[in-house]
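In what follows, a single structure is set out as structure tokens and then discussed.
Here it is in structure tokens:
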């Protein structure tokens, strides 16, 4: 790859739908959720390493997770960990990484990769990242990776594109955030839509141009402090910027407004691991659809997902379609088809300060 | 009460239907299952104390539980703890206590009381124990306490009696162990049946007579070692006796065969706390029938029983009629109407020696 190609791993999220495993102090991306022996962040790092090399990978994370990132990625130069003073969704995160890399390499092309996704076919993935980086340079536009939808999932954003013969990279027609089930069905049946994977490719120059155009206030915060984004004054500058930034996703802030965006439909066995159900879908099951991570005995129980801490024994009898997630100090029992509400329940917990130890 | 009146608290059981709370190393009777601040054994002790005084109460238990009994009942004279070398059901246990007390007080009358029952109205209970001790002396027969049945429970033994005007203590006609549901319904509707509470009253003389008649082999084991049942040789004598005793209940071994047995119907708010469901029935519920012992938040959940260790938080969503019992190292989830099978499941666990830590 060109030495001016970079990956930015976004590792600052909380993953509250994975409560109680995912906690403020130890979110999802730092867990070995798939039982591979590596955390999701480590898996993401090793997936990109052969393509870009360690010097061209950055990790953006919340300042609180700096020790976790350092411990899990000892080969990552600490200067390549970009710490955010507070979580402000993806737009400020991507802006920070863009301004940072523009300083280091004005001709940089950047692959933005979430730290907590599953990718089955890594070779295909790396080929596509390479092509997407080339495409974002040649088209001077933002390129996204779109996933061939396999069900009318209402938890994803959908990207409609205009198919052009002989191409692998198509102009985007519309973005639709989390549609209704009916709409999702129509989208999937039409064959014109892919899921928004949250992976974006752009040159620093293009992203700066688009941010200045569509999020001018935020772009100005970075532009006016460019010189302070390196060196000792960095943390103070970031504190000023982030405290004034709205918490806005890059999708809402830029992608849906940019005039020219491209999408590359991809099929490398992807899951955003956004929910326990998506994890259930990926893992080996017994003959009646149970996934068990840990020491559990199931009787008359079908289609459940049981996740236990080490040394714990569970007996589960006569229940269907539940996820049962146990940790040392918290237990969650919830039907899989109601798991989207776990995030709300975790919000509920925050109402009482005494619960902070569980968050 | 007459100084020759004694209570024998039977505290040797395992309570495997209360797994995972109840363990071999710490069975049900040693737990504060009702959240009163006292274990069931302590509650039983304090219930009998005002009636009989501490010198006239004996506790029979498995040798392994001696330290637990001593720790929980510091006022109990260690010489009044009768330890069994192995569990052999209630017949050998009652025989041992009978031979022991006959040596100390040939004229003893004995109230046998399980250590793990709930009794709501203790004053009424004590009055009835007093009357039952008097009745077993005056009638020279075994007297049992029968509980007015409130539902056709198939988990209890049923006692049919012949009502005699002006009496409180009636001749027993039949004993029926755990009947079918249909039979239980007929019993309850007839008004002639009470539940077998497992509380028995007899003089040492009468019980020795009945055991010699109906379990002559076992009686002979005790008779031939009477002199060794006190003093240093006690444990060796008991080891000899118990290793040759069958594991038989007093109901099966004596009660069902004795010619003359009486029953006193009682109504003092009783539960044998034999199952999680019986515990659920006794405890305060929220507006949709959930019982929660611990820190749990329930959403769209009805009629559940949630039992948590200290400091643990549970979120329970969208489930009905389950009991969810969590402990430090084991978790049980099971529908209440299937809880009779918990005992079998615990038996299953025993097949693998690696599970012994959970039993």
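Protein chains in written order, with the numbering used here: chain X, 280 to 638; chain Y, 280 to 638.
Backbone N, C-alpha and C fix where the C-beta goes; we use that ideal spot for every residue, glycine too.
If you're wondering where the values come from, they're calculated on a predicted model, not measured in any experiment.
Check	Outcome
Minimum Cβ-Cβ distance from residue 306/Y to chain X less than 8 angstroms	no
Residue of 366/Y, 338/Y, 361/Y minimising C-alpha distance to residue 524/Y	366/Y
Where residue 427/X falls: helix, strand or coil (DSSP)	coil
Within-8 angstroms CB hit, residue 614/X to chain Y	yes
In chain order, each alpha helix (DSSP H) run of at least 4 residues that lies wholly inside the segment 453-489 of chain X	460-469
8 angstroms Cβ cutoff met for residue 435/Y and residue 542/Y	no
Simplified DSSP state of residue 447/Y, which is helix, strand or coil	coil
Chain B contact for residue 617/Y (CB, 8 angstroms cutoff)	Among the protein chains of the structure shown, namely X and Y, there is no chain B.
Under 8 angstroms between C-beta atoms of residue 351/X and residue 301/X	no
Exposure of residue 296/Y, with buried meaning 16 or more beta-carbon neighbours within 10 Å	buried
Residue 363/Y, buried or exposed, once every other Cβ within 10 Å from all chains shown has been counted against 16	buried
Neighbour-count burial assignment, residue 429/X, 16 or more Cβ in a 10 Å radius	exposed
Where the segment 594-607 of chain Y meets chain X: residues whose CB sits under 8 angstroms from a CB there	594, 595, 596, 597, 598, 601, 603, 605
Member of 370/X, 282/X, 368/X, 376/X whose CA lies at the smallest distance from the CA of residue 358/X	376/X
Selection from 606/X, 615/X, 470/X, 590/X that minimises the alpha carbon distance to residue 633/Y	590/X
Residue 404/Y: contacting residues in chain X (beta-carbon distance under 9 angstroms)	By Cβ distance, chain X contributes nothing, its closest Cβ being about 35 angstroms from residue 404/Y, past 9 angstroms.
Segment contact flag, the segment 544-556 of chain Y with the segment 396-405 of chain Y, C-beta cutoff 8 angstroms, min 3 pairs	yes
3-residue-minimum beta strand (DSSP E) runs that sit fully inside the segment 332-410 of chain Y, ordered along the chain	336-341, 360-363, 388-393
Under 8 angstroms by beta carbon: chain Y residues contacting residue 590/X	608
Range covered by the alpha helix (DSSP H) that runs through residue 626/X	621-629
Cβ pair count under 8 angstroms reaching 3, the segment 592-605 of chain X against the segment 567-583 of chain Y	no
Residue 476/X classed as buried or exposed, judged by whether at least 16 other C-beta atoms fall within 10 angstroms	buried
Proximal residues of chain Y, C-beta to C-beta of residue 637/X below 7 angstroms	592
Supposed close pair residue 283/X, residue 387/X - CB separation, criterion 8 angstroms	5 angstroms
C-alpha distance - residue 307/Y paired with residue 340/Y, whole-angstrom precision	13 angstroms
Residue 558/X: contacting residues in chain Y (beta-carbon distance under 9 angstroms)	Within 9 angstroms Cβ-Cβ: nothing; residue 558/X doesn't reach chain Y, min ~18 angstroms.
Nearest-angstrom beta carbon gap, residue 451/Y and residue 438/Y [assumed within contact, 8 angstroms]	6 angstroms
Limits of the unbroken alpha helix (DSSP H) element including residue 520/X	513-523
Residues sharing a beta bridge with residue 421/Y, DSSP	540/Y
Alpha-carbon spacing of residue 602/Y relative to residue 347/Y, whole angstroms	27 angstroms
Per DSSP, cross-strand counterpart(s) of residue 599/Y	581/Y
8 angstroms Cβ cutoff, residue 578/Y in contact with chain X	yes
Backbone secondary structure at residue 633/Y - three-state DSSP	helix
Check whether residue 625/X and residue 610/X have beta carbons under 8 angstroms apart	no
Three-way DSSP call (helix, strand, coil) for residue 284/X in this model	strand
Candidates 372/Y, 462/Y, 479/Y: closest to residue 413/Y by CA position	479/Y
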